[in-house]
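Let me begin by presenting the structure, written as structure tokens, before commenting on it.
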Amino acid sequence: MKIFIPTQSFQDWQRLLANPNLHWKDGHSAMTLARSWEAEAATGFPPEIKAAFETSGSPLLTDLDPLLALPEFQVPLPGGVRSSQTDVLALARGKEGLVAVVVEGKVDETFGPTLREKRIEPSDGFNERHVFLLQYLELPPSIPQTIRYQFLHRTASALIVARQFDAKAAVMLVHSFSPTNKGFSDFEAFAGLFNAAPEIGRIVPAGMFEGMPLFLGWCAGDQRFRSGDDAEQAGKL
Numbered sequence: 001m002k003i004f005i006p007t008q009s010f011q012d013w014q015r016l017l018a019n020p021n022l023h024w025k026d027g028h029s030a031m032t033l034a035r036s037w038e039a040e041a042a043t044g045f046p047p048e049i050k051a052a053f054e055t056s057g058s059p060l061l062t063d064l065d066p067l068l069a070l071p072e073f074q075v076p077l078p079g080g081v082r083s084s085q086t087d088v089l090a091l092a093r094g095k096e097g098l099v100a101v102v103v104e105g106k107v108d109e110t111f112g113p114t115l116r117e118k119r120i121e122p123s124d125g126f127n128e129r130h131v132f133l134l135q136y137l138e139l140p141p142s143i144p145q146t147i148r149y150q151f152l153h154r155t156a157s158a159l160i161v162a163r164q165f166d167a168k169a170a171v172m173l174v175h176s177f178s179p180t181n182k183g184f185s186d187f188e189a190f191a192g193l194f195n196a197a198p199e200i201g202r203i204v205p206a207g208m209f210e211g212m213p214l215f216l217g218w219c220a221g222d223q224r225f226r227s228g229d230d231a232e233q234a235g236k237l
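Number 219 in UniProt numbering belongs to position 219 of the sequence shown; there are no gaps in the numbering.
Now the structure itself:
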């Protein structure tokens, strides 16, 4: 069992980070994402994410009512000593039932090492976890080594959490605050493994996994949340 304490402001997110002093910086992804989600907490999803769900075309994702958002949610995976730590886990209820949404926030950071780079300096348990992820996502061992490893374990986390909560669908969503949508080409390459064709501002189907529908999405966040002064004004709108 996990016990969670509600936040009072975006600053409460800092202590939940894997490395609070290193990752908590103005204009970087952790603080920017926290500002965005806290600013909209009273009304639901950030507007760009709500719009993406409404235009998905899937009855599973329309008219979603956010129930709770859990920052820095950890999902244990086989292999290694660290869990997959997603920036936000959101649970929402729609007409068809519960939906689990795993959110990865980015500004100008990369999505971490590629599979090739991970193999050069593998962490403890990497091989075991890599095999598990490929099997869980029904992918062959021959996938391109240029795929970003982070996409694999975040997407598996979405499916795992969806099953834990008996949800009707799983979503892995990138919430990007990069003005140039940096890293979108990496996301496209990953989505292509599932024959999915992502677009900025949309959520697209990526297949069915033992009866669980998977969706992938990329949303462009409000640039005002990158700056403290602008974020304060945005929160008053």
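Heads up, the beta-carbon is just placed ideally off N, CA and C, and yes, glycines get one too.
Small disclaimer: the values here were computed from a predicted structure and weren't measured.
For residue 85, the uninterrupted beta strand (DSSP E) run begins and ends at 84-94, by DSSP. Ranked by how close their Cα comes to the Cα of residue 158, the residues 88, 180 and 22 have 88 in first place. Residue pairing by DSSP places residue 41 in no beta bridge whatsoever.
For residue 170, the uninterrupted beta strand (DSSP E) run begins and ends at 169-176, by DSSP.
Per DSSP, reduced to three states, the secondary structure at residue 79 is coil, with no helix or strand assignment.
Take the alpha-carbon of residue 132 and the one of residue 193: they are about 16 Å apart.
Scanning its chain for C-beta atoms nearer than 8 Å, with the 5 sequence neighbours on each side dropped, one finds around residue 106 the residues 29, 174, 175, 176, 177, 178, 182 and 183, in chain order. In the three-state reduction of the DSSP assignment, residue 17 falls in the coil class. With distances taken between CA atoms, residue 7 lies nearest to 38 out of 55, 38 and 19.
With a threshold of 16 other beta carbon atoms within 10 Å, residue 155 meets it and is buried.
Secondary structure at residue 12: helix, using DSSP grouped into helix, strand and coil. DSSP places residue 108 in the coil class of the three-state scheme, outside both helix and strand.
Shown here, residue 194 sits in coil according to DSSP, grouped into three states, outside any helix or strand.
Rounded to the nearest angstrom, the Cβ distance from residue 99 to residue 68 is 12 Å, too far for a contact under 8 Å.
Short of 7 Å from the beta carbon of residue 188, and not among the five residues preceding or following it, lie these beta carbons of its own chain, in chain order: 198. In this model, residue 85 and residue 148 are separated by some 16 Å (Cα to Cα). Here residue 50 is actually not in contact with residue 97; their C-beta atoms are around 18 Å apart, not less than 8 Å. For residue 195 and residue 208, the gap between their C-alpha atoms comes out near 12 Å. Ranked by Cα distance from residue 162, the first of 93, 130, 123 and 218 is 93. For residue 134, the enclosing alpha helix (DSSP H) covers residues 126-136.
DSSP, read as helix, strand or coil, puts residue 31 in helix. Distance from residue 79 to residue 125 at the Cβ level is roughly 4 Å; contact confirmed, criterion being Cβ atoms closer than 8 Å.
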